[in-house]
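Participant: To start, I am sharing the structure in question, which I have written as structure tokens.
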Amino acid sequence: MKTLIIAVSLFFGVTSQLEAHAIKLAPRVSISAKGNILRGSSHSFTAIGSVDRKTVFQSIPAYQQIQRERLNRTDPQYHFLLAKANRDFNQTLDRICKHYKLDLIVEKGSIRAVGIKVYDVTGVMSRLLL
């Protein structure tokens, strides 16, 4: 009976409809904590990027000045420089997302993805921030 159905479907060109309804396995993605998502949603994405914030912040001039002058939270200049460093980080991350068409960015090491490539954008961000 199955052979007859397949033969009839091949004869009438039903295979294209059958192929259109083929099941595609979704990639398995797990993120260790919600706070590790820097951009996007883990429920809906097409491309994933990861970034090491500590490494990137070491290349931001405003953050380097905080380190060089050994400023702490009690220094007024500390807050202005830290706000600038965060702004620079976020603007650069937005540029990277747009350029590489990444719609989910997570902290490096916080994601396990099976069946989908995770792009490490740490080096690109560090070079852009210099």
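Using our numbering, you'd call the opening residue of the sequence shown number 75 and step up by one each time.
For glycine and all other residues, C-beta sits at the position ideal for the given N, C-alpha and C.
In the structure shown, what three-state DSSP assignment does Ile185 receive?
Facilitator: Within the sequence shown, the letter at position 111 stands for residue 185. Looking at Ile185 - three-state DSSP - the assignment turns out to be strand.
Participant: Between the Cα of Asp126 and those of Asp194, Gln139, Arg201, Cys171, spot the shortest distance and give me the residue it belongs to.
Facilitator: Residue mapping note: residue 126 aligns to position 52 of the sequence shown, counting from 1. Nearest of Asp194, Gln139, Arg201, Cys171 to Asp126, Cα basis: Asp194.
Participant: Excluding sequence positions up to five away, which residues of its chain have a Cβ less than 6 angstroms from the Cβ of Asn110?
Facilitator: Here residue 110 corresponds to residue number 36 of the sequence shown, with the count starting at 1. Result list for Asn110: Val180, Glu181, Ser184, in chain order.
Participant: Are the beta-carbon atoms belonging to Phe131 and Phe163 less than 8 angstroms from one another?
Facilitator: Stepping through the sequence shown from its first residue, residue 131 is reached at position 57. Stepping through the sequence shown from its first residue, residue 163 is reached at position 89. Yes, the pair counts as a contact, with Cβ atoms nearer than the cut-off.
Participant: Roughly how many angstroms lie between the CA atoms of Leu203 and Thr196, to the nearest whole one?
Facilitator: One-based indexing of the sequence shown puts residue 203 at position 129. One-based indexing of the sequence shown puts residue 196 at position 122. In a straight line, the C-alpha of Leu203 is about 11 angstroms away from that of Thr196.
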